[in-house]
Amino acid sequence: MALLTNTASLSGSLGSIRESLLDQSSSNRALLLMAPLIAFELLIFVIPFFILLRISVAGSSTDHVFAEGTWSLEAYREVLTSDLLWSIIGYSFQLGAIVTVLAVVIGLFYAYAIWRSTGLLKSLLLFSVVLPLLTTLVIRTYAFDPLLVPAGLVPGTVGVVVAQLYIVLPYAVLAIYSVMATTDWDVVEAARDLGASRPRSVLEVVVPQVMPGIIVAAVVSFAWSVGAYAAPELLSNDITFAMHVEGLMLSDMRYPEAAALAVVMLGLMGVCIAGIFTVLNRFGGDFELA
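Put into structure tokens, the structure is as follows:
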């Protein structure tokens with residue numbers, strides 16, 4: 001009897017050890033599969049950001065783009081106290097806000113049209129969204145010059161908004177539609193059977209369910225538009241922060257100030273994107289900022 005008990009105990013211990021080894025092996029395989037992605041993130045995003053951060057706190061130099069081995073907050077003082085830079089930052093965020101609102105609203109209606117259409121019409125609507133992505137950014141942007149110049153919209157903010165909206169709208173539509181395609185239409189029908197009107201059923205049933213897609217569309221549109229370069233450069237006389245950073249680096253050779261402006265903009269954009277998550281989550285859905 002004791003022998004049987006010992007054998008059972010030994011078998012249980014071996015089974016526990018085997019499960020532990022299998023779990024550890026699975027964890028190691030997952031970590032191994034993630035290694036290329038982690039390396040890519042480090043090389044493309046993390047390391048360059050710390051290099052940018054280091055340059056932003058370096059001193060200026062007349063002989064080089066920045067004084068190596070020095071530490072200074074002069075670049076941040078220049079950025080934070082310059083009225084010109086704050087006007088450029090304000091214009092960039094204004095452009096981003098306008099384009100984001102338009103992209104989300106139009107993208108929501110367009111995604112709904114794709115969702116409810118069938119057959120050839122659905123294919124045409126999807127093709128019309130993907131087609132602009134097959135051409136280069138500069139060609140897509142510059143195409144608006146001969147279209148908007150006769151109307152007096154170029155150079156000007158309206159032309160920039162139209163061109164930038166055309167750039168980001170496909171991504172907004174696809175982000176919203178990818179979530180909307182998984183929504184059950186029977187839920188909308190049930191809301192209408194209970195007395196909800198067509199607009200109310202869409203607003204109170206569809207919109208909360210596609211909120212993750214709306215948030216992604218808003219974040220992509222805002223981040224891209226705030227950092228816009230091609231549309232303002234080609235269609236406007238106004239200066240965005242991306243254009244000013246280019247001027248500081250390539251024309252004035254003031255790398256610390258350019259890096260400081262980029263760091264400040266990243267911080268401000270992070271705050272605004274967190275605000276987008278917070279505000280839109282209150283209207284439905286549960287999308288976490290990871």
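Going by full-length UniProt numbering, the final residue of the sequence shown carries number 290, and the count climbs one at a time with no gaps.
Ideal Cβ positions, reconstructed from N, Cα and C, are used throughout, including at glycine.
Per DSSP, the bridge partner or partners of residue i
i, result
"residue 67", "59"
Contact under 7 Å by Cβ, residue i with residue j
i, j, result
"residue 173", "residue 275", "no"
"residue 150", "residue 140", "no"
"residue 113", "residue 176", "no"
"residue 111", "residue 211", "no"
"residue 72", "residue 59", "yes"
"residue 138", "residue 230", "yes"
"residue 256", "residue 75", "yes"
"residue 264", "residue 79", "yes"
"residue 171", "residue 220", "yes"
"residue 168", "residue 224", "yes"
"residue 226", "residue 96", "yes"
Inter-residue spacing [alpha-carbon to alpha-carbon] between residue i and residue j
i, j, result
"residue 228", "residue 242", "7 Å"
"residue 282", "residue 65", "46 Å"
"residue 262", "residue 157", "23 Å"
"residue 103", "residue 93", "15 Å"
"residue 272", "residue 279", "10 Å"
"residue 201", "residue 187", "9 Å"
"residue 268", "residue 85", "14 Å"
"residue 88", "residue 31", "43 Å"
"residue 237", "residue 155", "6 Å"
"residue 126", "residue 119", "11 Å"
"residue 35", "residue 166", "36 Å"
"residue 277", "residue 266", "16 Å"
"residue 44", "residue 37", "10 Å"
"residue 10", "residue 29", "Any answer about residue 10 is weak, because its pLDDT of 47 lies below 50 and its placement is not dependable; what the coordinates show is given next. In a straight line, the C-alpha of residue 10 is about 28 Å away from that of residue 29."
"residue 258", "residue 248", "6 Å"
"residue 68", "residue 61", "9 Å"
"residue 252", "residue 46", "27 Å"
"residue 70", "residue 239", "31 Å"
"residue 293", "residue 196", "For residue 293 there is no data in the structure shown, the boundaries of the chain being 1 and 290."
Residue i - containing alpha helix (DSSP H), residue span
i, result
"residue 83", "83-116"
"residue 257", "255-281"
"residue 201", "198-201"
"residue 204", "That residue, residue 204, is in no alpha helix (DSSP H); it is neither H nor E in DSSP."
"residue 242", "241-246"
"residue 250", "From DSSP, residue 250 is part of no alpha helix (DSSP H); its letter is neither H nor E."
"residue 232", "230-235"
"residue 145", "144-148"
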